[in-house]
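J.: Read in order, the letters of the sequence shown are residues 23 to 233 in the working numbering.
Quick reminder that beta carbons are idealized off the backbone N, C-alpha and C, glycines included.
Got a structure here, written out as structure tokens. Questions coming.
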Amino acid sequence: MAGKGLFIVLEGIDGSGKDTHLKFLARKLRELGYAVVETAEPSRYGVGAFLKRYAKRKERRLPAESEALLYASDRFDHVKNVIKPALRRDQIVISARYYYSSMAYQGAVGVDLDWIREMNRFALKPDLAILLDILPEYSLHRLKRRRSIYEDSDYLRKVRDIYIKLVNQGELVKVDADRPKRVVQGELLSMVLNSLHKRAPENEQEKSETQ
Ligand SMILES: Nc1ncnc2c1ncn2[C@@H]1O[C@H](COP(=O)(O)OP(=O)(O)O)[C@@H](O)[C@H]1O
Ligand SMILES: [Mg+2]
């Protein structure tokens with residue numbers, strides 16, 4: 023991605039620590055002087071608001087294919103109106119969930135992964151996409167009560183299997199999320215700082231090219 027913005031995604035099953043670690047990273051990066059946009063999918067608006075209500079129902083009423091299409095629709099809005107504008111302003115965007123969630127959660131019900139990938143082709147690739155990896159029996163234990171139709175350990179085991187497949191294909195980088203918070207956070211911060219530094223020489227080059 024040209025410019026100084028950086029796009030980071032945190033993925034993982036329910037209770038893996040996405041929101042906790044996103045807040046931590048945003049705080050640390052702000053302390054270091056970076057402008058950070060904290061965001062998440064599903065979004066709070068329109069289709070995203072519907073999907074949030076939908077996940078809180080008692081049962082999964084829609085075909086998983088319809089779910090995949092709705093998540094992609096919400097994502098289009100998210101990319102166009104939140105992620106891209108922030109990157110154009112050279113901000114760091116951190117999103118809890120992105121198209122990998124569609125592949126893992128809808129793929130786990132049998133929806134064709136290539137079809138999901140295809141319908142999300144518009145979604146720009148993150149600079150850093152991290153899987154907070156943990157077994158469902160541990161992550162569900164952290165949650166005080168069931169919050170969504172997706173929180174079932176047999177189902178989440180299949181979700182995790184797809185996440186691991188994406189790690190093996192080099193699409194996600196795995197971080198073991200079953201360790202104490204500060205250990206996980208130390209590792210996450212050094213990965214993010216590493217990405218920021220890797221990006222710097224290109225910018226220097228861009229600068230000298232335009233001078
Ligand atoms: N490494 C960790 N060790 C222990 N508890 C954790 C860890 N990471 C997150 N938690 C706790 O687990 C719960 C779920 O975390 P949360 O960030 O809401 O997960 P997610 O957003 O992925 O569902 C929270 O109570 C959080 O404080
Ligand atoms: Mg969360």
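Just mark Gln-128 as buried or exposed, buried being the case when its beta carbon has 16 or more other beta carbons within 10 Å.
T.: Burial call: buried.
J.: Nearest-angstrom Cα distance between Gly-192 and Ile-116?
T.: When rounded, the distance between both Cα atoms is 20 Å.
J.: Within this structure, are the beta carbons of Leu-73 and Pro-85 separated by less than 8 Å?
T.: Taking 8 Å as the Cβ cut-off, Leu-73 and Pro-85 do not qualify as a contacting pair.
J.: Give a yes or no on whether the C-beta atoms belonging to Asn-103 and Ser-124 are separated by under 8 Å.
T.: Against a cut-off of 8 Å, the Cβ pair of Ser-124 and Asn-103 comes out as no contact.
J.: Check whether the Cβ of Lys-50 lies closer than 8 Å to any Cβ atom in chain B.
T.: Of the protein chains in this structure there is only one, and it is not chain B.
J.: Go through its chain and collect everything with a Cβ distance to Arg-52's Cβ below 6 Å, but skip five positions before and after it.
T.: Around Arg-52: Val-58.
J.: Using three-state DSSP, classify Glu-33 as helix, strand or coil.
T.: Residue state, collapsed to three classes: strand.
J.: Quick check: what's the CA-CA separation for Ser-175 versus Leu-157?
T.: Approximately 9 Å between the Cα atoms of the pair.
J.: Suppose only complete runs of 4+ residues qualify. What are the alpha helix (DSSP H) ranges in the stretch 164-219, listed by chain order?
T.: Runs of the alpha helix (DSSP H) inside the stretch 164-219: 175-190.
J.: Give the secondary structure of Leu-44 by DSSP, where H, G and I count as helix, E and B as strand, and everything else as coil.
T.: Looking at Leu-44 - three-state DSSP - the assignment turns out to be helix.
J.: Please report how far the alpha carbon of Leu-28 lies from the alpha carbon of Glu-89, in whole angstroms.
T.: Taking the straight line from one Cα to the other gives about 28 Å.
J.: Does the beta carbon of Pro-148 fall short of 7 Å from some heavy atom of ligand 1?
T.: No, Cβ of Pro-148 sits at least 7 Å from all heavy atoms of ligand 1.
J.: Tell me whether the beta-carbon of Ser-217 lies closer than 8 Å to the beta-carbon of Asp-36.
T.: Not a contact, by the Cβ cut-off of 8 Å.
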